[in-house]
Amino acid sequence: MFEVQEINAEHKDLIHDVAYDFYGQRMATCSSDQYVKVWDQNNDGKWSLSSSWKAHSGSVWKVTWAHPEFGQVLATCSFDRTAAVWEEIVGENPGPGERGTRYWVRRTNLVDSRTSVTDVKFGPKTQGLILATCSADGIIRIYEAPDVMNLSQWTLQHEVQCKPSCSCLSWNPSFSKIHPPMLAVGCDDTSAATGGKVFIYEFSENSRRWTKIETISSITEPVHDLAFSPNLGRSYHVLAIATKDVRILNLTPVNDNNSIQSGITKLDVQTAAQFEDHLSTVWRVCWNITGTILASSGDDGYVRMFKMNYINSWKSVAALKAGLPTPPISQTARYIKLGAISQPREVPWH
Amino acid sequence: MAGKLEIQWSPIKNKFITWGSEVCLYEIEQLKEQSTPLIKLSPLTGAHLLATNNNYHYVKCIDIYPKSDKDLLLAIGQANGKIVLSTFGASVYDSQLLPGKELVPRHQRQCNAISWNTTESNKIVAGFEKNRSDYSVLLWDINKSPSHGENGPIRPIVEYGLSDTTHRKCKVLATGNNNKQIRILDFRDSAKQVNHTITKAVHGISVNPYNERFLASYVDHQVCVWDTRNFEKPLLILPHSKQLSKIAWCTTKQNLLGILQRDLPSLNLYDIQQTMVGNEEVEPSVIERIVTPGLHNITSFSWHPNDENRFLAISLAGHIVDYFVFDRITLNWTTNANLVWTCGRKTLKYITEANPLYDSLQDISQKIKLRACKGYGLKDELCKNGEMVDDIMLRNVWNRLHLSDKLVEDGTLRGSNSKHPGVRSVLKIDGATVKSESVSISWAETSGVNCAGSARMYKHEDREKALYLCGWYFDKDTASLTEFLDELEKEQAFTRAAAIAVFNLKIKTAIEILTRGSENCIPGTNLNVVAMALAGFSDDKNSMWRQFCASPKTKLNDPYLRAMFSFLTAENNNYDNILYENGMTVDDRVAFACIFLPDNKLNDYLKSLTMTLIYEGNLDGILLTGNTQEGVRILQKYLDSTGDIQSTALIAVRSFNTELLQDLGKDWINSYRSLLDSWQLWHERAMFDIMLSSQRPNDKPPQQVYISCNFCGKSISAFMQGLTRGRGTFPRMGGANKLKMSSCPNCRKPLPRCAICLMHMGTTTGDQCTSDGDGTKLVDFSHWFTWCQTCRHGGHASHMVHWFKQHLECPVTACQCRCFSIDAV
Numbered sequence: 278m279f280e281v282q283e284i285n286a287e288h289k290d291l292i293h294d295v296a297y298d299f300y301g302q303r304m305a306t307c308s309s310d311q312y313v314k315v316w317d318q319n320n321d322g323k324w325s326l327s328s329s330w331k332a333h334s335g336s337v338w339k340v341t342w343a344h345p346e347f348g349q350v351l352a353t354c355s356f357d358r359t360a361a362v363w364e365e366i367v368g369e370n371p372g373p374g375e376r377g378t379r380y381w382v383r384r385t386n387l388v389d390s391r392t393s394v395t396d397v398k399f400g401p402k403t404q405g406l407i408l409a410t411c412s413a414d415g416i417i418r419i420y421e422a423p424d425v426m427n428l429s430q431w432t433l434q435h436e437v438q439c440k441p442s443c444s445c446l447s448w449n450p451s452f453s454k455i456h457p458p459m460l461a462v463g464c465d466d467t468s469a470a471t472g473g474k475v476f477i478y479e480f481s482e483n484s485r486r487w488t489k490i491e492t493i494s495s496i497t498e499p500v501h502d503l504a505f506s507p508n509l510g511r512s513y514h515v516l517a518i519a520t521k522d523v524r525i526l527n528l529t530p531v532n533d534n535n536s537i538q539s540g541i542t543k544l545d546v547q548t549a550a551q552f553e554d555h556l557s558t559v560w561r562v563c564w565n566i567t568g569t570i571l572a573s574s575g576d577d578g579y580v581r582m583f584k585m586n587y588i589n590s591w592k593s594v595a596a597l598k599a600g601l602p603t604p605p606i607s608q609t610a611r612y613i614k615l616g617a618i619s620q621p622r623e624v625p626w627h
Numbered sequence: 012m013a014g015k016l017e018i019q020w021s022p023i024k025n026k027f028i029t030w031g032s033e034v035c036l037y038e039i040e041q042l043k044e045q046s047t048p049l050i051k052l053s054p055l056t057g058a059h060l061l062a063t064n065n066n067y068h069y070v071k072c073i074d075i076y077p078k079s080d081k082d083l084l085l086a087i088g089q090a091n092g093k094i095v096l097s098t099f100g101a102s103v104y105d106s107q108l109l110p111g112k113e114l115v116p117r118h119q120r121q122c123n124a125i126s127w128n129t130t131e132s133n134k135i136v137a138g139f140e141k142n143r144s145d146y147s148v149l150l151w152d153i154n155k156s157p158s159h160g161e162n163g164p165i166r167p168i169v170e171y172g173l174s175d176t177t178h179r180k181c182k183v184l185a186t187g188n189n190n191k192q193i194r195i196l197d198f199r200d201s202a203k204q205v206n207h208t209i210t211k212a213v214h215g216i217s218v219n220p221y222n223e224r225f226l227a228s229y230v231d232h233q234v235c236v237w238d239t240r241n242f243e244k245p246l247l248i249l250p251h252s253k254q255l256s257k258i259a260w261c262t263t264k265q266n267l268l269g270i271l272q273r274d275l276p277s278l279n280l281y282d283i284q285q286t287m288v289g290n291e292e293v294e295p296s297v298i299e300r301i302v303t304p305g306l307h308n309i310t311s312f313s314w315h316p317n318d319e320n321r322f323l324a325i326s327l328a329g330h331i332v333d334y335f336v337f338d339r340i341t342l343n344w345t346t347n348a349n350l351v352w353t354c355g356r357k358t359l360k361y362i363t364e365a366n367p368l369y370d371s372l373q374d375i376s377q378k379i380k381l382r383a384c385k386g387y388g389l390k391d392e393l394c395k396n397g398e399m400v401d402d403i404m405l406r407n408v409w410n411r412l413h414l415s416d417k418l419v420e421d422g423t424l425r426g427s428n429s430k431h432p433g434v435r436s437v438l439k440i441d442g443a444t445v446k447s448e449s450v451s452i453s454w455a456e457t458s459g460v461n462c463a464g465s466a467r468m469y470k471h472e473d474r475e476k477a478l479y480l481c482g483w484y485f486d487k488d489t490a491s492l493t494e495f496l497d498e499l500e501k502e503q504a505f506t507r508a509a510a511i512a513v514f515n516l517k518i519k520t521a522i523e524i525l526t527r528g529s530e531n532c533i534p535g536t537n538l539n540v541v542a543m544a545l546a547g548f549s550d551d552k553n554s555m556w557r558q559f560c561a562s563p564k565t566k567l568n569d570p571y572l573r574a575m576f577s578f579l580t581a582e583n584n585n586y587d588n589i590l591y592e593n594g595m596t597v598d599d600r601v602a603f604a605c606i607f608l609p610d611n612k613l614n615d616y617l618k619s620l621t622m623t624l625i626y627e628g629n630l631d632g633i634l635l636t637g638n639t640q641e642g643v644r645i646l647q648k649y650l651d652s653t654g655d656i657q658s659t660a661l662i663a664v665r666s667f668n669t670e671l672l673q674d675l676g677k678d679w680i681n682s683y684r685s686l687l688d689s690w691q692l693w694h695e696r697a698m699f700d701i702m703l704s705s706q707r708p709n710d711k712p713p714q715q716v717y718i719s720c721n722f723c724g725k726s727i728s729a730f731m732q733g734l735t736r737g738r739g740t741f742p743r744m745g746g747a748n749k750l751k752m753s754s755c756p757n758c759r760k761p762l763p764r765c766a767i768c769l770m771h772m773g774t775t776t777g778d779q780c781t782s783d784g785d786g787t788k789l790v791d792f793s794h795w796f797t798w799c800q801t802c803r804h805g806g807h808a809s810h811m812v813h814w815f816k817q818h819l820e821c822p823v824t825a826c827q828c829r830c831f832s833i834d835a836v
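Just so you know, the sequences run in chain order A and B. Quick note: to get our numbering, add 277 to the position in the first sequence (first position is 1). Quick note: to get our numbering, add 11 to the position in the second sequence (first position is 1).
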């Protein structure tokens, strides 16, 4: 039904994350094989591998691009308890008239975590070059590069103790000055007894601290991914959550006297939609550029899309079969062929 | 079916065996519609039963000869301790006299485990219950042994071991003994014990096929993963809530362990990854997944030997499922609608913007991009922008803004200080109440219908202005009304035309319109009949006409026809049916209200309508609010519900004041600009910026680069700017004879030289502008001065381009800067 293109990624183990740059012309993948690969799109739209390197000494969970304003910069995080910032630089000794070969160097290794670093994300560019990580022991760390020209210097600005086994985080991408910086964090702790699994933090300009402003108590199942939708001038925030189903929450800042006095935003949280289409665990969610279509992936092997038609009206609009391993029938054919050449040494000379 | 059912893939593709009370051989086939009835295993595959073998009744364990390629050779371990080699019917092994061969231990007791050597495939090893006088691990060579029992290197390992299960690979054997320990034996050197550990987890020992160092075993509720290099304690303990019944490493994927618990419909899969932190190995990472193949009480499963992520599972009731485990899919969306997702470890799949899927979705992002490319919102005439969109609401907004702009310009709406006043501000509703005069016009006078009564209308100067805003600018004379109606007829909007005619008390005209409409009309609506009904109009309260029109009018599909009859049958000037008729455009409803509602009612109606429209985010509300704070609220609501940042930003920029928008407007503009940037529509963004600055003449973009003298440090740029304004030290050099300055106007030191031609910046070169003869341009771009951002050396652009065609380093002698590579970043 749909024409689906393929890229042969050839990672040696499961790919955990795919990230695009701001323009969608470069792509980075990371995998349990501890490698990160960078792919570039040529003018015909074909993707080719431009770099591949062993980035960590454990599974690489996430990879993310910084805004191009800061150069070609990637951040990765891994089970090896570190997060790293990488920059692409132009190498020495290129041939005449050619550009030097580009390669990625590790600018810094953030080693503060004592456990697996499960997610890493650059903050909105209006905040400067900042980086948030979260780790399995439930600590959120906010780093900042005070000098954007020197990516090897990062200072740990904030350390926030959240609940254990944080699995994912997302910055609120709003450009607006009306909204203070906001983060959502999800936990994949399996026990329902520990209560809500999604937490919203906000940076308060007055106290210069990150404060938890909301716990989404309606979600007690493990959360595997969450994503704020691109805000684009909307008066409320939309958060998509991958748990046992797909949830879409509307977070509307309430401007009452209380919140103005305390300087802490109060949020009105509404579940805009809940989709059980996957019939199983949902792994990832992501938004299109306007935040009007959500894509999700689940254990059922489908990529599904949900579209907004009106503020709270979401509809399931598409399901793409993510792709089976090669169907069994073709293997039968291959088997017969193999059987025919029983003794390869008998192939006659020419 | 009695006993525990087991299942195992055979080395022959698409064949598998199950055993319980009998051994069955199946072959998997693709499901086809007309094919012979298969046992359905999955949506795609089914199986034939090829053969059954029920010669053996007390089967405890089976292993298949690993080199079986045409026929299967099974080694069957039985409860009485006999191990029998068997096949399904005649086979290639018959000539070797293998089938039927029995391997018997000295003392009869249950055989617990059996395993072929996968490399030296003639060797077979078995584990037995403990017996005081016999060994519990026995190894045979099937080729050497004569027909009776044990031969070859059978080496006793433990005199009284209860060896529970064995798995053998590459000459090294791991055995679980006596419920106490796991031993690793090396048979190459007369069964030397090379390693052992003391543990209770001795069941189901499984060697990781990708890394022989790793073993997994279980007991009761616990799975232990072992690293044989550090065998004292398990690398990992995975506790479970139920009794375990089987564990198996995946044969096709690294480090994937499948675990089956008793009486559960699901399997647990563990992806176990080793990690080094510095030089020390830390506890491995484990990703747990639970898959439910759709069976109750799974008793066994078997990983496919070659197909990734595929396994067979069998339930207590004998149902079999052929299951694919989907790898965790990760996905991401680019700004340009490229959606990518992963398939396992090797493949990424993606769909692009051109995919037909997106056409069917009709998403706003695509519309925005398309409209941006067409230059939507940038046209000088506001209504032209409306022509570019297919959305009726948006088109109306642009038309309306155009209209109000025009009306303000030609002075019709004098007295309002806004560029786009709304109906409410024109009516001065929020201020003092205005007393409109009420006029009664008899039906007979205007429509020529035989009616006695009259209709009550309200008139005021402000109301007239409001009508203009609604597009009903035909109040003054009949000619303009006729023109307007003709226009509507051309657009095939017969019912609207008729209704408006009736609202203007021109029933005759309405009838004519409807008659004309019925001639070239849309099927399904019989306008002729409506015209006939209309012709019988009588405003007598008790007339038959009125009584019979009252009920069927609700059944009319067309909103305008409904409104028309509602109007004609309205009692006590109650027009609610028309005012709240959502099928009518807001313009028409508001215009209607402006004609027929008394001041206080009009006031209330417009207020409530405004609230509704704001709530709905309906841009038609801008008619009422104009470019006021409430208008901003409508825009925000519209944006909230549609995500159409483009129209919102454009309408805001084109018709709202900066003061009114404040941060909100800036936010919208920045969002839209960043959207265009991420699509690399820089030209479109630039056009938007140009339009923006033409709307906001006071916000001039700041100068980005300044030139100052190397010696005295004084700004040259400032001096040059002064020149162009006709001031400064050398006013005579400005004007037509444009200045070429090659030295600092302050200290007279020369400006920098071009590194190639060694001319000073600002020197007039001979070859300028020869080709186009366009005297207005002093130098063309290739003679502009340019420099490297890093080493600050530079020269004329064309010279630099030429130089860097062959060089990477800076043209200035002794400068090592790799300008060419660097400033590309």
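We treat Cβ as the ideally placed atom computed from N, Cα and C, and that holds for glycine.
Using DSSP bridges, identify the partner residues of E299(B). Y281(B)
Same chain only: Cβ atoms within 6 angstroms of Y478(A), ignoring 5 sequence neighbours per side: Taken in chain order, the residues that qualify are L460, W487 and K489.
Residues of the stretch 344-358 of chain B in Cβ contact with chain A at a cutoff of 7 angstroms, in chain order, please. W344, T345, T346, N347, A348, N349, L350, V351, W352, T353, C354, G355, R356, K357 and T358
Span of the beta strand (DSSP E) around T56(B): T56 to N64
Going along the chain, which residues of its own chain have a beta-carbon closer than 6 angstroms to the beta-carbon of N219(B), five neighbours each way excluded? F225 and W260
What are the start and end residues of the beta strand (DSSP E) that includes C821(B)? First-last for C821(B): undefined, no H or E at that position.
How is the alpha helix (DSSP H) around F505(B) delimited, first residue to last? F505 to F514
Do the stretch 327-341 of chain B and the stretch 566-582 of chain A meet, that is, are 3 or more Cβ pairs less than 8 angstroms apart? yes
Does any C-beta atom of chain B lie closer than 8 angstroms to the C-beta of H514(A)? no
Using CA coordinates, which residue listed in C445(A), P530(A), Q302(A) and S336(A) is at the minimum distance from T542(A)? P530(A)
With a threshold of 8 angstroms between beta-carbons, can V277(A) be considered close to chain B, or not? A question about residue 277(A) goes unanswered here, because the residues of chain A that appear run from 278 up to 627.
Taking the alpha-carbon positions, what's the S444(A) to D396(A) distance? About 7 angstroms.
To the nearest angstrom, how far is it from the Cα of K182(B) to the Cα of L149(B)? Per-residue confidence for K182(B) stands at a pLDDT of 43, beneath the threshold of 50, marking its modelled position as unreliable; the derived number appears in the next sentence. Approximately 14 angstroms between the Cα atoms of the pair.
Flag this pair as yes or no: are the beta carbons of L393(B) and R707(B) separated by less than 8 angstroms? No, the Cβ-Cβ distance between L393(B) and R707(B) is not below 8 angstroms.
Does chain B have any CB closer than 8 angstroms to the CB of L528(A)? no
Say whether the stretch 619-629 of chain B touches the stretch 502-515 of chain B, bearing in mind that this needs 3 or more beta-carbon pairs closer than 8 angstroms, one atom from each stretch. Between the stretch 619-629 of chain B and the stretch 502-515 of chain B there are fewer than three C-beta pairs closer than 8 angstroms, too few to call the two in contact.
Cα-Cα separation between R166(B) and S277(B), rounded to whole angstroms: Because R166(B) carries a pLDDT of 41, less than 50, the predicted location of this residue cannot be relied on, and the following value inherits that uncertainty. Each residue's Cα considered, the two are about 40 angstroms apart.
According to DSSP, which residues form a beta bridge with H771(B)? Answer is R764(B), bridged to H771(B).
Residue closest to T286(B), alpha-carbon to alpha-carbon, out of K289(A), L351(A), K323(A) and Q311(A): Q311(A)
Measuring only between beta-carbons, confirm whether L342(B) sits less than 8 angstroms from chain A. yes
Nearest-angstrom Cα separation, counted from F27(B) out to E38(B): 7 angstroms
If contacts are defined as beta-carbon pairs under 8 angstroms, then T6(B) and V388(A) qualify, I think. What distance do you get, rounded to the angstrom? Residue 6(B) lies beyond the residue range present for chain B, which begins at 12 and ends at 836; the question has no answer from this structure.
Might you give, ordered along the chain, the residues of its own chain that have their beta carbon closer than 6 angstroms to the beta carbon of P763(B), omitting 5 neighbours on each side? M772
What does a CB cutoff of less than 8 angstroms around L16(B) pick up in its chain, not counting 5 residues either side in sequence? T29, W30, G31, T310, S311, I325, S326, L327 and G329
In three-state terms, what does DSSP make of G397(B)? helix
I'd like to know if Q547(A) contacts chain B, where contact means its C-beta is closer than 8 angstroms to some C-beta of that chain. no
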